[in-house]
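Participant: Structure incoming, see below.
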Amino acid sequence: MVSYRTPLGRARGLGSAKHGAGHWVSERVSSIALAPLVVWAVYGVLRLAAGDYGFAVHWVQAPLNATLLVLTLAISFWHMHSGMRVVVEDYIHKTLTKTALLVLNLFVCGLAGALAIFSILKVALGGA
Amino acid sequence: MTEASTTPRERPVSPHLVTGGLGSPPLWRWHITMWTSILHRATGVALYVGALIAAAWAISLAGGPDAYAGFKALLGSIPGKVVMFGLTVCVFYHLANGVRHLVWDTGHGLDVKSANASAVLVFAFAAAASLAIWGIAGMTGAL
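Structure below.
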């Protein structure tokens, strides 16, 4: 089959989308932020596990705890979305299945993250 | 095989996880840096579930005393504690190995000797930190 398109014309649009570095950097930056936040979160879980409902509400209502909780949750859900995305892209090669799983990953992370952060804000702002 | 001089040598085979072909022995030796790589991904997937449990915690707290008591009873049960211990190991493993990856990203520690040594360090940290946290949990009445 003879093609009348130039080699350059055929190659255009088939290369990298130039977004790879952005994903790579965002994974690293979120992991740098999460390293101290996760250590704090483990400490938080230790405190919360030893306390009851009243203690948990009181703990979440402290401004520093509420802020760090929201940051930990937001960055965690962002980071885990990035990670699971790479897992799906590495192992699933059928276009429809891959796309469906990528959308599912985004929606699960978005919904769970939003629910968690809204719940923290509700408690922190005195709704509970 | 019969005419060793004229038949071409066997082509080099790309290293494969399981076997070099039907009935042949494994080509790829399992080594520690391979485990750290696989486990980083596996613990990441486990922590995905862990983050969903954290979201459930926040939702139950916003749901009121009864919902929160139900959630705590679930996590306080034997299966709940097993899951939480597993997640503790995953958190510390993924944290330590994540830091190892960040160090690699600066271009340091990539030679075989350093990579093997840091792998041992990561496993040791994950085990020690998990046991320490559960020891503290036992002493502070968190269990």
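As you go down the protein sequences, you meet chains A and B in turn.
The C-terminal position of the first sequence is numbered 129 in this note's numbering, with every residue numbered one higher than the one before it.
The C-terminal position of the second sequence is numbered 144 in this note's numbering, with every residue numbered one higher than the one before it.
Glycine included, C-beta positions come from ideal geometry on N, C-alpha and C.
These figures come from a predicted structure and were not determined experimentally.
1) If B/Y69 and A/Y44 are in contact, beta carbons under 8 Å, what's the gap, nearest whole angstrom?
2) In whole angstroms, give me the CA-to-CA distance for B/A125 and B/S115.
3) For chain D, find out if any of its Cβ atoms is closer than 8 Å to the Cβ of A/R86; answer yes or no.
4) Establish whether the CB of B/A118 and some CB of chain A are separated by less than 8 Å.
5) Residues of chain B with CB closer than 7 Å to the CB of A/S120, please, in chain order.
6) Could you tell me how far apart the beta carbons of B/L103 and A/I121 are, in whole angstroms, since I believe they sit closer than 8 Å?
7) Are B/L1 and B/A133 closer than 8 Å when you measure CB to CB?
8) Check A/L1 in the structure and name its three-state DSSP category.
9) Looking at the C-beta of B/R30, does it have a partner C-beta in chain A at a distance below 8 Å?
10) So what does DSSP say about A/D53, is it helix, strand or coil?
11) Would you decide whether B/S38 is buried or exposed? Buried here means 16 or more other CB atoms lie within 10 Å of its CB.
12) For B/I134, go through chain A and note every residue whose CB falls closer than 8 Å to its CB, in chain order.
13) Buried or exposed: which applies to B/M35, given that a residue is buried once 16 or more other Cβ atoms fall within 10 Å of its Cβ?
14) Determine the extent of the alpha helix (DSSP H) in which B/W31 is found, giving its start and end residues.
Facilitator: Inspection of the coordinates gives the following:
1) In this structure B/Y69 is not in contact with A/Y44, their Cβ atoms being roughly 20 Å apart against a cut-off of 8 Å.
2) So the alpha carbons of these two residues sit roughly 15 Å apart.
3) Checking the listed chains, one finds no chain D in this structure; the protein chains it contains are A and B.
4) Interface annotation, B/A118: not in contact with chain A, CB-CB separation never under 8 Å.
5) A59, I60, L62 and A63, listed in chain order.
6) Taking C-beta atoms under 8 Å as the contact rule, B/L103 and A/I121 fail to qualify, at a distance of about 28 Å.
7) For residue 1 of chain B there is no data in the structure shown, the boundaries of chain B being 2 and 144.
8) Nothing about residue 1 of chain A can be read from this structure; chain A reaches only from 2 to 129.
9) Chain A, which has no Cβ nearer than 8 Å to the Cβ of B/R30, makes this no.
10) Looking at A/D53 - three-state DSSP - the assignment turns out to be coil, as it is neither helix nor strand.
11) Around the Cβ of B/S38, a 10 Å sphere holds fewer than 16 other Cβ atoms; the residue is exposed.
12) Chain A residues near B/I134: V43 and L47.
13) Around the C-beta of B/M35, fewer than 16 other C-beta atoms lie within 10 Å, and the residue is accordingly described as exposed.
14) Segment: none, B/W31 is in no alpha helix (DSSP H) and carries neither H nor E.
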